[in-house]
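Q:
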Amino acid sequence: MTIGTLLGLCSALTYTLANAALRDLSRPDDLDWSLWVTFCKAAPVVLTAWTLVGWRTARGLPALPPRSVLPRLMAAGVLAQLGGNLMFQEALGVLGLALTVPVTFTGIILCGAGLGWFVLGEPVGVRQGVSIVLLITATAALSLAAPDAAEAVLRQSLIGAHADPLRVALAVATALGAGCAYGTLGVVIRKTGGEGVGVSGTLAPLSLAGLISLAALLGLRSGAGWQSVNPIAGTPPEAVPSLLIAGAANATAFFCIAAALHRIPVVRSNLLNASQAAMAGVVGVVWFEEPPTGWLALGITLTIAGLALLGLRKPRRRTPRRPPPA
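Numbering (mature numbering (1 follows the signal peptide of the UniProt record, and there is no 0)), first residue to last: -20 to -1, 1 to 306.
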């Protein structure tokens, strides 16, 4: 097993832990709370990345990327936080863990495959096409499971709440949009790594730009009268352990997946990381008591099948051995 494969698996495990903590923190229709949770989740990545940059700088090693790369990384960082993490947190509050993760991965694979082909020149062949069809079918099945899942999640959070069709459709679209943001981020990280930039040098400006965008939005909402920006006033004590777990696990997973993307193709990295779909289904149903419907099982199965198909290697052609010279 290669280092890239091990990093991908480590990322899947730690992302599952982070997502479970985020599910515990989720609140339906509370953008302010989702924004604060996303900020707390992102902060450890920034701290770790810039600590590594400082360590490399102190030893005279190259630490930061060239200036020409910074605009791309900073734009990807803002997209990852506002279009990825924030939207993912919002979807969790309505759809739950078992449904949100596979829907998000469909967006990751679709956008990652398209941009990987367009930007990186990574091929999209017959297997990838069949996989995309499976993932689209999986999304359709998961969409049919969404009303029951949303009804159960909302009843856990809000007494008397109901999942109307528009609310469910918006949550599914939000999860898909988060996946597209993550897929774009993966392509940017891989392209930057292919240009010789290290993991910490890639993540430091990227994560800082994302955190600044979250802080700016927090400041704007605070000026509009939002009072829970202060973690002491707005964060209940029972939420603190989940916030810490989400931040630490997310930082570990983010560095693992970034390092994996420097070593293996985007499609293979996404495949390894997509074992989250199965783990999220188990955790969502067993731990958070989300409804185990037939459509959910079918959607998760199709998601795993589509992602597994992406990971199959083409058989290598064996070259015939030449007879030894007489």
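Glycine included, every Cβ here is placed at the ideal spot set by N, Cα and C.
What's the C-alpha gap between Leu134 and Gly73?
A: Cα to Cα, the separation comes out at about 8 angstroms.
Q: Hey, would you say Thr(-7) sits closer than 8 angstroms to Cys236, going by beta carbons?
A: Yes, these two residues count as a Cβ contact at 8 angstroms.
Q: Is Lys70 helix, strand or coil when you go by DSSP?
A: A small fix is needed here, since residue 70 is Glu in this sequence, not Lys. Three-state result, Glu70: helix.
Q: Using only the alpha-carbon positions, how far apart do Leu156 and Ile88 sit?
A: Their backbone Cα atoms lie some 8 angstroms apart in a straight line.
Q: Identify which residue in Leu77, Trp13, Ala29 and Leu191 has its Cα closest to the Cα of Val263.
A: Closest option to Val263, Cα to Cα, is Leu77.
Q: Give the range of the alpha helix (DSSP H) segment to which Asn230 is assigned.
A: Start and end: Val220 to Leu241.
Q: The alpha helix (DSSP H) that contains Ile89, what's its start and end?
A: Per DSSP, Ile89 belongs to the alpha helix (DSSP H) from Leu77 to Leu95.
Q: Secondary structure at Leu44, three-state DSSP: helix, strand or coil?
A: It is coil, neither helix nor strand.
Q: Whole-angstrom Cβ separation of Gly163 and Gly92, contact assumed at under 8 angstroms?
A: With 8 angstroms as the limit, Gly163 and Gly92 qualify as a contact, their Cβ atoms being about 4 angstroms apart.
Q: DSSP state of Ser6, grouped into three classes?
A: In this structure, Ser6 counts as coil in the three-state DSSP scheme.
Q: Rounded to whole angstroms, what's the CA-CA distance from Ser48 to Glu175? Just pull it up for me.
A: Near 11 angstroms, if we compare the C-alpha coordinates of Glu175 and Ser48.
Q: Suppose the cutoff is 8 angstroms on Cβ atoms and the five residues either side in sequence are ignored; what does the same chain contact list for Ala229 look like?
A: Cβ within range, chain order: Thr(-7), Tyr(-6), Leu(-4), Ala(-3) and Ala1.
Q: Out of curiosity, what's the CA-to-CA distance linking Ala71 and Cys20?
A: Cα to Cα, Ala71 sits roughly 18 angstroms from Cys20.
Q: Taking a contact to mean a Cβ-Cβ separation below 8 angstroms, would you say Ala231 touches Thr28 in this structure?
A: In this structure, Thr28 lies closer than 8 angstroms to Ala231 by Cβ.
Q: Along the chain, where does the alpha helix (DSSP H) that runs through Ile169 open and close?
A: Ile169 -> alpha helix (DSSP H) spans Pro145 to Gly174.
Q: Terminal residues of the continuous alpha helix (DSSP H) containing Val263?
A: Element bounds for Val263: Gln256 to Val266.
Q: Hey, could you find the ends of the alpha helix (DSSP H) Thr18 is sitting in?
A: Counting along the chain, the alpha helix (DSSP H) containing Thr18 begins and ends at Leu11 to Ala38.
Q: Is Val58 helix, strand or coil by DSSP?
A: Helix.
Q: Would you kindly check if the distance between the Cβ of Ala240 and the Cβ of Ile284 is under 8 angstroms?
A: No, they are not a contact pair.
Q: Under the three-state reduction of DSSP, which class applies to Glu270: helix, strand or coil?
A: Looking at Glu270 - three-state DSSP - the assignment turns out to be coil, as it is neither helix nor strand.
Q: When the Cα atoms are used, what is the spatial distance from Val83 to Arg39?
A: Cα to Cα, the separation comes out at about 44 angstroms.
Q: Does Val266 pass the burial test, meaning 16 or more other C-beta atoms within 10 Å, or should it be called exposed?
A: The residue is exposed, with fewer than 16 neighbouring Cβ atoms inside 10 Å.
Q: Going by CA-CA distance only, name the one from Ala151, Ser180, Arg201 and Leu282 that's closest to Trp30.
A: Comparing Cα positions, the closest option is Ser180.
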